[in-house]
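Participant: The numbering of the sequence shown is full-length UniProt numbering, which starts it at 1 and goes up by one.
Here a beta-carbon is modelled for each residue, glycine too, at the ideal position from N, C-alpha and C.
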Amino acid sequence: MGYLIIVALIQAFSFSLIGEYLAGHVDSYFAVLARVLLAGLVFLPLTRWRQVEPRFMRSMLLIGALQYGITYVCLYLSFRVLTVPEVLLFTILTPLHVTLIEDALNRRFNPWALLAALVAVAGAAVIRFDSISGEFFIGFLLLQLANFTYAAGQVLYRHLIARNPSDLPHYKRFGYFYLGALIVVLPAFLLFGNAQHLPSTDVQWLVLLFLGLCPTALGLYWWNKGACLVSGATLAVMNNLHVPVGLLLNLLIWNQHEPLGRLLIGGAVILASVWMSRLGSRTDVALTRKA
Numbered sequence: 001m002g003y004l005i006i007v008a009l010i011q012a013f014s015f016s017l018i019g020e021y022l023a024g025h026v027d028s029y030f031a032v033l034a035r036v037l038l039a040g041l042v043f044l045p046l047t048r049w050r051q052v053e054p055r056f057m058r059s060m061l062l063i064g065a066l067q068y069g070i071t072y073v074c075l076y077l078s079f080r081v082l083t084v085p086e087v088l089l090f091t092i093l094t095p096l097h098v099t100l101i102e103d104a105l106n107r108r109f110n111p112w113a114l115l116a117a118l119v120a121v122a123g124a125a126v127i128r129f130d131s132i133s134g135e136f137f138i139g140f141l142l143l144q145l146a147n148f149t150y151a152a153g154q155v156l157y158r159h160l161i162a163r164n165p166s167d168l169p170h171y172k173r174f175g176y177f178y179l180g181a182l183i184v185v186l187p188a189f190l191l192f193g194n195a196q197h198l199p200s201t202d203v204q205w206l207v208l209l210f211l212g213l214c215p216t217a218l219g220l221y222w223w224n225k226g227a228c229l230v231s232g233a234t235l236a237v238m239n240n241l242h243v244p245v246g247l248l249l250n251l252l253i254w255n256q257h258e259p260l261g262r263l264l265i266g267g268a269v270i271l272a273s274v275w276m277s278r279l280g281s282r283t284d285v286a287l288t289r290k291a
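(1) Count the other CB atoms within 10 Å of the CB of N239; is the residue buried (16 or more) or exposed (fewer)?
(2) Going by C-alpha distance, which of L211, V185 and F56 is nearest I161?
(3) Can you list, in chain order, the residues of its chain whose CB lies under 6 Å from that of L287, leaving out five sequence neighbours each side?
(4) Output the boundary residues of the alpha helix (DSSP H) element that contains L100.
(5) Using the beta-carbon count (16 or more within 10 Å), is I92 buried or exposed?
(6) Three-state secondary structure (DSSP) at H170?
(7) Which full runs of the beta strand (DSSP E) of 3+ residues lie inside the region 13 to 81, going along the chain?
(8) Kindly indicate which three-state DSSP category V7 falls into: helix, strand or coil?
(9) Between G175, V184 and Y176, which has its C-alpha nearest C74's C-alpha?
(10) Spatial neighbours of C214 within its chain, please: CB distance less than 8 Å, with the 5 preceding and 5 following residues excluded, ordered by chain position.
(11) R163: buried (16+ other C-beta within 10 angstroms of its C-beta) or exposed?
(12) When DSSP labels each residue in this structure, what does C214 get in the three-state scheme?
(13) Helix, strand or coil: how does DSSP classify T201 here?
(14) Do T216 and A151 have their beta-carbon atoms positioned less than 9 Å apart in this structure?
(15) Quick one: give me the first and last residue of the alpha helix (DSSP H) that G193 is part of.
(16) Please confirm whether P85 and L229 have their CB atoms less than 9 Å apart.
(17) Does F189 pass the burial test, meaning 16 or more other C-beta atoms within 10 Å, or should it be called exposed?
(18) If we ignore side chains and look at the alpha-carbon of each, how far apart do L218 and V32 end up?
(19) Which same chain residues end up closer than 8 Å to Y3 when comparing Cβ atoms and leaving out the 5 residues on each side of it in sequence?
(20) Can you tell me whether DSSP reads V84 as helix, strand or coil?
(21) Taking the alpha-carbon positions, what's the residue 295 to V87 distance?
(22) Run through DSSP, which three-state label would N147 get?
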């Protein structure tokens, strides 16, 4: 639990740093690439290359491509059309994706999760009911793709570690994660990045350095390690801890003029959708026990 709490607090602070110092100033693809390169410099020297099964390596490459590569490319792109509070609120739906993926792996169908998804979309509409646009919904959909791939990475890592016990500590097998992320991020930057918008100030470089070493290197490692030490229900709850903390920091320090009424109402609707998805999971568990 300690790992998850620390990472959630780091994530809460990181969203505002991205929105205030990088979004709209530094090329999104470069920012994501710089973070994974810095994290790779931390973990690749510690990685064992000969005592790890090829199947485990391939699985870790996939997890890294999903949980960082696709997730963070979509996350940074969403900052182009969404405010920091909106991005934070829309990440509330990550537990819903965790539920859907767990149900799929266990061959269960949860109609509550599908209904919850529709309610979540309604909550997003409430937040921007006076200025809904195609770009807004593109941003919302980008974040849902990011939520899905981030959730998929967590769930797959839990299953992978459970099925592949090893005497090696986690960090000696985690470097493959960043190689998998690089497989997605490097081509994305080469194809779509803009070299004219690299960091131009010391503050931007310092923010990238912090994001690469703290939330990307230590944060993703601690989060995945912590995910293996708690129940699925606890993991789902912890996925949302960064939201209230991040909102509080952003609204108090950087975004004091944000209209709070619609934000609170829409956020409450989105939070209700997460509760609905969990209700379906509890119902399934109760029926299983009775049977």
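Facilitator: Taking the structure as given:
(1) As a first step, residue 239 must be located in the sequence shown, where it is residue number 239. When all chains shown are included, N239 counts as buried.
(2) Residue numbering aside, residue 161 sits at position 161 when the sequence shown is read from its first letter. Residue F56 is the option with its Cα nearest to I161.
(3) Here residue 287 corresponds to residue number 287 of the sequence shown, with the count starting at 1. With a pLDDT of only 32 at L287, under 50, the local geometry of the prediction cannot be trusted, and the value read off the model is given with reservation. Result list for L287: empty, nothing under 6 Å.
(4) Counting from 1 along the sequence shown, the entry for residue 100 is found at position 100. Boundaries of the alpha helix (DSSP H) around L100: T94 to L105.
(5) Sequence index remark: in the sequence shown, residue 92 carries index 92 (1-based). Label assigned to I92: buried.
(6) Translated into positions along the sequence shown, residue 170 becomes position 170. Here H170 sits in helix by DSSP.
(7) Listed in chain order, the beta strand (DSSP E) runs fully inside the region 13 to 81 amount to none, counting runs of at least 3 residues.
(8) As a working mapping, residue 7 is identified with position 7 in the sequence shown. Annotated three-state conformation of V7 is helix, per DSSP.
(9) Position 74 of the sequence shown, counted from the first residue, corresponds to residue 74. Ranking G175, V184 and Y176 by Cα distance to C74 puts V184 first.
(10) Residue 214 sits at position 214 when you count from the first residue of the sequence shown. Excluding sequence neighbours, C214 sits near I10 and S14.
(11) The residue you call residue 163 lines up with position 163 of the sequence shown. Exposed.
(12) Taking the first residue of the sequence shown as 1, we reach residue 214 at position 214. Note: C214 maps to helix in three-state DSSP.
(13) Within the sequence shown, residue 201 is the residue found at index 201, counting from 1. For T201, the secondary structure class from DSSP, reduced to helix, strand or coil, is coil.
(14) Taking the sequence shown and counting its residues from 1, the one referred to as residue 151 is at position 151. Taking the sequence shown and counting its residues from 1, the one referred to as residue 216 is at position 216. Not a contact, by the Cβ cut-off of 9 Å.
(15) If you number the sequence shown from 1, residue 193 lands on position 193. Careful: G193 lies outside any alpha helix (DSSP H) and carries neither H nor E.
(16) Looking up residue 85 in the sequence shown gives position 85. Looking up residue 229 in the sequence shown gives position 229. Contact flag unset, no.
(17) Looking up residue 189 in the sequence shown gives position 189. Buried.
(18) Sequence index remark: in the sequence shown, residue 218 carries index 218 (1-based). Sequence index remark: in the sequence shown, residue 32 carries index 32 (1-based). Spanning the two alpha carbons is a distance of roughly 16 Å.
(19) Walking along the sequence shown from the start, residue 3 turns up at place 3. Here the set comprises W222, W223, K225, G226 and L229.
(20) Here residue 84 is taken as the residue at index 84 of the sequence shown, counted from 1. Helix at V84.
(21) Summary: the structure shown does not reach residue 295, with the chain confined to residues 1 through 291, and so no result is reported for it.
(22) For the purposes of this step, residue 147 is identified with residue 147 of the sequence shown, where counting begins at 1. In the structure shown, N147 sits in a helix (DSSP, three-state: H, G or I).
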